[in-house]
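Numbering (the UniProt record's numbering), first residue to last: 1 to 153.
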């Protein structure tokens with residue numbers, strides 16, 4: 001029987017950083033979501049969807065492209081878009097070019113909701129993430145996270 005190669009355990013400082021990272025990636029979105037919903041009645045997922053649509057050409061994206069960008073299963077996105085559509089924030093339109101796909105389009109109400117929520121959301125992002133961070137820390141953290149993301153692609 002062959003034994004697996006030995007893997008060095010995380011050092012105490014590495015474990016402390018790793019656990020802080022895991023907690024932050026759970027706690028930060030939860031706190032941001034609570035604040036966003038209290039301020040605008042949008043969920044964090046609603047806001048992300050509206051932002052992605054607002055930053056796309058003609059305020060529209062193919063459903064499949066939006067699912068890829070958000071790293072969501074198409075069925076999850078479909079359910080979410082149906083709920084957003086019922087609130088008038090987005091609409092789904094068939095793709096005239098190929099007749100198979102569909103676009104998600106940001107509606108006027110969706111843009112108004114996004115523009116209304118954005119100032120409070122930015123204040124929350126600043127308060128929870130940036131207010132205690134200096135310029136040098138921002139630069140180091142940005143470079144580090146860019147390297148992490150590049151290894152996951």
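C-beta atoms are modelled at their ideal positions from N, C-alpha and C, and glycine is treated no differently.
Restricting to Cα atoms, I'd like to know which of the options is closest to residue i.
{"i": "residue 58", "options": "24, 81 and 93", "result": "93"}
{"i": "residue 85", "options": "64, 108 and 72", "result": "108"}
{"i": "residue 38", "options": "151, 146, 117 and 150", "result": "117"}
{"i": "residue 95", "options": "64, 122 and 72", "result": "64"}
{"i": "residue 17", "options": "141, 79, 45 and 47", "result": "141"}
Can the beta-carbon of residue i be found less than 8 angstroms from the beta-carbon of residue j?
{"i": "residue 101", "j": "residue 62", "result": "yes"}
{"i": "residue 82", "j": "residue 69", "result": "no"}
{"i": "residue 124", "j": "residue 36", "result": "yes"}
{"i": "residue 50", "j": "residue 77", "result": "no"}
{"i": "residue 60", "j": "residue 104", "result": "yes"}
{"i": "residue 40", "j": "residue 120", "result": "yes"}
{"i": "residue 20", "j": "residue 128", "result": "no"}
{"i": "residue 42", "j": "residue 113", "result": "yes"}
Return the first residue and the last residue of the beta strand (DSSP E) that residue i is part of.
{"i": "residue 60", "result": "60-62"}
What is the residue span of the alpha helix (DSSP H) that residue i lies within?
{"i": "residue 106", "result": "Note, residue 106: premise wrong, no alpha helix (DSSP H); beta strand (DSSP E) at 102-106."}
{"i": "residue 145", "result": "135-152"}
In the DSSP assignment, what residue or residues form a beta bridge with residue i?
{"i": "residue 90", "result": "106"}
Answer yes or no: the CB of residue i versus the heavy atoms of the ligand SAM, is any distance below 7 angstroms?
{"i": "residue 98", "result": "The ligand SAM is not part of this structure, which contains no ligands at all."}
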